[in-house]
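All remarks here apply to the structure that follows.
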Amino acid sequence: MTKNNKELPERSAEDRRAFKRELTEVVPHLRAFARGLCGRPDMADDLVQETLLKAWAAQDRFEPGTSMRAWTFVILRNAYLTDMRRNRFRGEYDETAAERILTAPAGQEEPIHLSDMHRALLTLPPERREALLLVGAGGFSYEEAANICGCAVGTIKSRVGRARAALSSMIEDGDIPDRSIGDPTAHRAILEELDEVAAGRGQAVPTK
Amino acid sequence: MEAGERMAGADKRKVTTPGGGKQMDKKGGPDWTSGLKRLYDNVVEEPIPDAFKDLLAKLDDGKQ
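Quick mapping for you: the protein sequence lines, in order, are chains A and B.
Just so you know, we're using the working numbering here: the first sequence kicks off at 826 and counts up by one.
Just so you know, we're using the working numbering here: the second sequence kicks off at 272 and counts up by one.
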């Protein structure tokens, strides 16, 4: 839980403007992280909207000068885990929508490659997917990723390592599933693992 | 991550990685990791949908 006990400093109008500006700047990153986590652009954007509202409501807990991106990512991943637990994403996989995402946007040189990549990514258990996204795509250090996920640095390293090994093996072997979440077995495995994550380590402490 | 040597079973859907070969990136990951980064960056570079601008604008009204 967050440290609500300590006195929160009064925020000036200037602080609030700065908060709003930083929150605005981080939106593209929130969208990218959410898209990587849940795959469906519409749900990802819903998740980002939810995150923005929560971040705004909690803005007094943000310490000016710290990383807005890290702070909001914590809110986003917790919202994602909560939504997953509430079945929001279960059984809602929309193959048409998925095809739309997975056929990459125009102007991309290797659409097949990237969509394969995304599909492969979506088959990973959420905790590994998230760790790999943070470190491998978001450019966070292991330490920062550990803070975001509320776990030890070693745990993040291990999750990233396993995620990389799994993706490497899928990509090198050409063993990319045609659709990830549509596959009932893969989906069940993901959800089972998620329940474990949510039960044990669903709670993260905002980064300092 | 020496999966690069394993070519057997590559018949199903052989995926070419950006830049071809089996080089490792700076962090010692296989070179598909640049694709992962691009997956993320592609979304970062998308224009922000109006829904977000509207939402951010509304936040101001509510709070002030």
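We put the CB at the ideal spot given by N, CA and C, even for glycine.
Where residue i falls: helix, strand or coil (DSSP)
i: G890(A); result: coil
i: I1001(A); result: coil
i: E917(A); result: In this prediction, E917(A) scores a pLDDT of 41, lower than 50, which makes its location untrustworthy; the coordinate-derived value is nonetheless stated afterwards. E917(A) falls in the coil class under three-state DSSP.
i: R911(A); result: coil
i: G319(B); result: Here residue 319(B) turns out to be Ile, not Gly, going by the sequence shown. Reduced to three states, the DSSP call for I319(B) is coil.
i: W896(A); result: helix
Buried versus exposed call for residue i [16 or more other C-beta atoms within 10 Å across all chains shown]
i: G306(B); result: buried
i: T897(A); result: buried
i: P853(A); result: buried
i: T304(B); result: buried
i: P930(A); result: Because P930(A) carries a pLDDT of 46, less than 50, the predicted location of this residue cannot be relied on, and no value is offered for it.
i: P318(B); result: exposed
i: R911(A); result: exposed
i: P834(A); result: exposed
i: R325(B); result: Going by the sequence as given, residue 325(B) is Asp instead of Arg. Counting Cβ neighbours within 10 Å, D325(B) comes out exposed, since fewer than 16 surround it.
i: P889(A); result: exposed
i: G963(A); result: buried
i: G864(A); result: buried
i: E316(B); result: exposed
i: E850(A); result: exposed
i: T907(A); result: exposed
i: A322(B); result: exposed
i: T876(A); result: buried
i: K329(B); result: exposed
i: R842(A); result: exposed
i: R846(A); result: exposed
i: T1043(A); result: Any answer about residue 1043(A) is impossible in this case: the structure gives chain A only from 826 up to 1033.
i: A838(A); result: exposed
i: A880(A); result: buried
i: V314(B); result: buried
i: R331(B); result: Residue identity differs from the one stated: residue 331(B) is Asp in this sequence, not Arg. Its Cβ having fewer than 16 others within 10 Å, D331(B) is exposed.
i: A904(A); result: buried
i: A970(A); result: buried
Per-residue contacts from residue i into chain A (C-beta, under 7 Å)
i: D321(B); result: Within chain A, no residue comes near D321(B); the closest Cβ sits about 11 Å away, beyond 7 Å.
8 Å Cβ shell around residue i - same chain, five flanking residues per side excluded
i: E934(A); result: Caution applies to E934(A), whose pLDDT of 43 falls short of 50 and renders its modelled position unreliable; the model cannot decide the point.
i: R836(A); result: F844, Q884 and D885
i: Y967(A); result: V960, V978, I981, K982 and V985
i: V873(A); result: V852, L855, R856, A859 and L901
i: R954(A); result: G861, L862, L946, L947 and A988
Where residue i meets chain B, residues with beta-carbon distance less than 9 Å
i: T980(A); result: Under the 9 Å cutoff, chain B gives no residues; its nearest Cβ is about 18 Å from T980(A).
i: L877(A); result: F323, L326, L327 and L330
i: T849(A); result: I319, F323, K324 and L327
i: G861(A); result: L307, L310, Y311 and V314
i: I973(A); result: The contacting residues do not exist; I973(A) stays about 15 Å from chain B at best.
Nonlocal neighbours in the same chain, by C-beta distance under 6 Å from residue i, ignoring five residues either side
i: F965(A); result: L959
i: V985(A); result: A956, L957 and V960
i: A990(A); result: none
i: M995(A); result: A945 and I1001
i: L992(A); result: A945
Sequence-distant residues of the same chain with beta carbon closer than 7 Å to residue i, five excluded per side
i: R860(A); result: P866 and A869
i: D840(A); result: P889
8 Å Cβ cut-off: residues of chain B touching residue i
i: G963(A); result: Y311
i: P1034(A); result: Because residue 1034(A) is not part of the residues shown, which for chain A are 826 to 1033, the question remains open.
Chain B contact residues for residue i, given Cβ-Cβ distances below 7 Å
i: D857(A); result: Note that residue 857(A) corresponds to Ala in the displayed sequence, not to Asp. Here the neighbours are Y311, V314 and V315.
i: M942(A); result: W303, G306, L307 and L310
i: L939(A); result: G306, R309 and L310
Neighbour flag for residue i against chain C, beta carbons, 8 Å
i: I996(A); result: Within the model displayed, chain C is absent; protein chains A and B are what it includes.
Restricting to runs no shorter than 4 residues, where is the alpha helix (DSSP H) found entirely within the segment 931-994 of chain A? 936-948, 951-957 and 967-974
Which runs of the alpha helix (DSSP H) at least 4 residues long sit entirely within the segment 829-888 of chain A? Give them in chain order. Within the segment 829-888 of chain A, the runs of alpha helix (DSSP H) that reach at least 4 residues and sit entirely inside it are, in chain order, 838-863 and 866-882.
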